[in-house]
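Student: Can you keep this structure in mind? I'll have questions shortly.
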Amino acid sequence: MDSDEEWAGLRATRAAPPAPAQQSADRKATYQFALEQAEQLFRQARLASPATRPLTLFYGLSQAGRSIAAAAANAPGDEWKLKGHGIGTTASTLSGPLENVQVHTDKNGSFVRLSELLESPLWSKADQVRLHVLWDSVPEAGRWSLRPDTSTWTRPLHVDVSSIGDGGSSRPTTMVRPLPPSLISTTDHETLHAFLRSYPDTRGCAYNVLGQDSESRPSYQPSHDGTGSLVLQWPELKAERYQNRRDFVCARTRSYRGEEFFFPTPVSGSDRGIHPLMAWWAVLFTLSILARYQPVEWARHIDVDNSEYAVPIEELLRAALTVLPELIVEIIDDVSR
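Quick note: the sequence shown uses UniProt numbering, first residue 1, plus one each step.
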């Protein structure tokens, strides 16, 4: 489905907004008009070059966030109202390598409130997160890393829902991919355990091994592109019905464009991985700050003839035009239930 169809679907909800958005006249009007603003900004972004596209994309997403909050069933009273950014960058890092720009969240603001509504982790100024970590949390960024070393990363892990319960097991099992080349080339368990700690939604899982004893190496399945896959299982739960096993796994994943993923957390100690909307939000916010306040640096970053960042930036911004409207539809449907 192209973005025009997605926006048409969103426009169709404005005549009869989700029930939570109809709890007050202000809430309903915010849902409706913020969607109008989001659509107009995204349409302007289509016509823009990378020089200004981050600005219209970010502010379009920001307005869509207001509609999402207005539609959220878990936002009673005035808790749906969004004020301020709630996210910032460290000024001294804006003039250095793009991947090292440091990002933090504030105590309140739009990013904070939406993260709370979507059960997405937050982090303080003391726990600055580098842009490349947030960038790698966007599924479409997988092919376009900001770093020259692409052998190690923590990207969203696709969950093969069709593999849940394969092999006649009554325990929830599923295959996840892609695993980084640096991981699947190892044989020890601690390296895998450390990797999985970046995906808090996998907690409690075990995994297939090549052998019968506890010292057997993890059973990584290599792919032609150098990445790999692995079957995860949750041995503590037995469920005879397939639907129960599927529900168990999908309660831990996040839906993204009709697929299920385990998303990484940008900071340790989180209960859940980052929500994809907040990953996109953080990346677009950072790019918009550079485009707006650091025009010389931004011009260098998007110079195709001289910058290794230029094409990754172009491709991520191009993907945002079609991916984000689809994601907005999906999230509004989810939060309004």
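Beta carbons: idealized from backbone N, C-alpha and C, even for Gly.
(1) Using CA atoms only, rank isn't needed, just tell me which of P17, L55 and S182 is closest to P222.
(2) Return helix, strand or coil for I184, following the three-state DSSP convention.
(3) With DSSP collapsed to three states, give me the class of F263.
(4) Please report whether the beta-carbon of L82 lies at a distance below 8 Å from any beta-carbon of chain C.
(5) Would DSSP call residue 347 helix, strand or coil?
(6) List, from N- to C-terminal side, the alpha helix (DSSP H) runs of 4 residues or more that fit wholly inside the segment 103–175.
(7) Who are the near neighbours of G84 in its chain, counting only those whose CB is closer than 6 Å to its CB and skipping five residues on each side?
(8) Taking the Cβ atom as the reference point for each residue, do P312 and L134 lie within a distance shorter than 8 Å?
(9) For G60, count the other beta carbons within 10 Å of its own beta carbon; 16 or more makes it buried, fewer makes it exposed. Which is it?
(10) What is the rounded straight-line gap between the Cα of V103 and the Cα of G211?
(11) By the 10 Å Cβ neighbour count, where 16 or more other Cβ atoms means buried, how is T187 classified, buried or exposed?
(12) Indicate whether the contact test is met: 3 or more Cβ pairs, each with one atom in the segment 154–161 and one in the segment 252–267, closer than 8 Å.
(13) Should E6 go down as buried or exposed, given a rule of 16 or more other Cβ atoms within 10 Å for buried?
(14) Whole angstroms are fine: how far does the CA of R254 sit from the CA of F195?
(15) Leaving out five residues before and five after I331 in sequence, what residues of the same chain have Cβ atoms less than 7 Å from its Cβ?
(16) Could you say which of E315, L327, S219 and S3 lies nearest to R53 if we only look at CA atoms?
(17) Rounded to the nearest angstrom, how far is the Cβ of L122 from that of H132, given a contact under 8 Å?
(18) Check each candidate in K125, R177 and L232 and name the one with the smallest Cα separation from G142.
Tutor: Answer, in terms of the structure:
(1) S182
(2) helix
(3) coil
(4) No chain C appears in the structure shown, which is made up of a single protein chain.
(5) Here the chain covers residues 1 to 337 and nothing more, so residue 347 does not appear.
(6) 110–117 and 131–136
(7) G109
(8) no
(9) buried
(10) 43 Å
(11) exposed
(12) yes
(13) buried
(14) 19 Å
(15) I68 and L277
(16) E315
(17) Actually they do not touch by this definition, with Cβ atoms about 19 Å apart.
(18) R177
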